[in-house]
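**Student:**
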Amino acid sequence: MPIKSFRGKIADGGIDTISLHTNNGSTGYRIKKLQLFGQQPGTVDQESTVKIFSIPQTTAASTVDFSDNTLLAVGYVETDQAQTFSPGDSVVVFDNVTFNQDIYLTHVEDKASVSCNYYIELEMVKLALDENTVATLKDIRNIIQE
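Residue numbers (the numbering used here): -5 to 140.
1. Using the Cβ count rule (16 or more neighbours within 10 Å means buried), how would you classify A122?
2. Go through the region 8 to 95 residue by residue and report every complete run of the beta strand (DSSP E) that reaches 3 residues or more, in order.
3. Can you tell me whether F60 is buried or exposed? The criterion is at least 16 other CB atoms within 10 Å of its CB, across all chains shown.
4. With DSSP run on the structure shown, which of helix, strand or coil describes L121?
5. Compute the Euclidean distance between the alpha carbons of D104 and S42, then round it to the nearest angstrom.
6. For T100 versus K27, is the C-beta distance shorter than 7 angstroms?
7. What is the rounded straight-line gap between the Cα of I4 and the Cα of M(-5)?
8. With C-beta atoms as the reference, is V91 less than 7 angstroms away from G22?
9. Please report how far the alpha carbon of A55 lies from the alpha carbon of T16, in whole angstroms.
10. Along the beta strand (DSSP E) that carries K(-2), what are the first and last residues, could you check?
11. Which residue's Cα is closest to the Cα of Q33: E115, Y113, V108, E117?
Okay, structure coming up:
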């Protein structure tokens, strides 16, 4: 299936929206890759946590809760100007779930107040009518539960 990619920079405490919705909801997506890269590698200590959610977020927090069924992916990148460890040490975890609505990124920086660059690859999937309905209803249920 085709791959759709997105890249950008998200500010400390920022919340970004990646618009994916369509009029009929027949196109689904799965996260295939999430990569993070510090804004100023080698020049500033940075500990960034970037999370991707299936519903809109009102605040960004560094706490990660894998029991949150709206959390689609989380990435963590750490850089050290003293080079005491490998710059760009990172961890990325994502769920193999199909969604057909917008996704929402949050970023929290624990050391410096700098932005974080991200790169996301999404696999596009053609959804049958029943899959479309299930994906849409799941998103609606998650919004109502929040």
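We put the beta carbon where it would ideally sit given N, CA and C, even for glycine.
**Tutor:** From the atom records:
1. A122 should be labelled exposed.
2. Counting only runs of 3 or more, we get 9 to 12, 21 to 32, 40 to 47, 65 to 73, 83 to 88.
3. Exposed is the call here.
4. DSSP places L121 in coil when its eight states are reduced to three.
5. Straight across, the Cα-Cα distance linking D104 with S42 is about 7 angstroms.
6. The answer is no: Cβ separation not under 7 angstroms.
7. In this model, I4 and M(-5) are separated by some 28 angstroms (Cα to Cα).
8. Not a contact, by the Cβ cut-off of 7 angstroms.
9. If you take the alpha carbons of A55 and T16, they lie about 29 angstroms apart.
10. Segment -3 to 4, the beta strand (DSSP E) holding K(-2).
11. It is V108.
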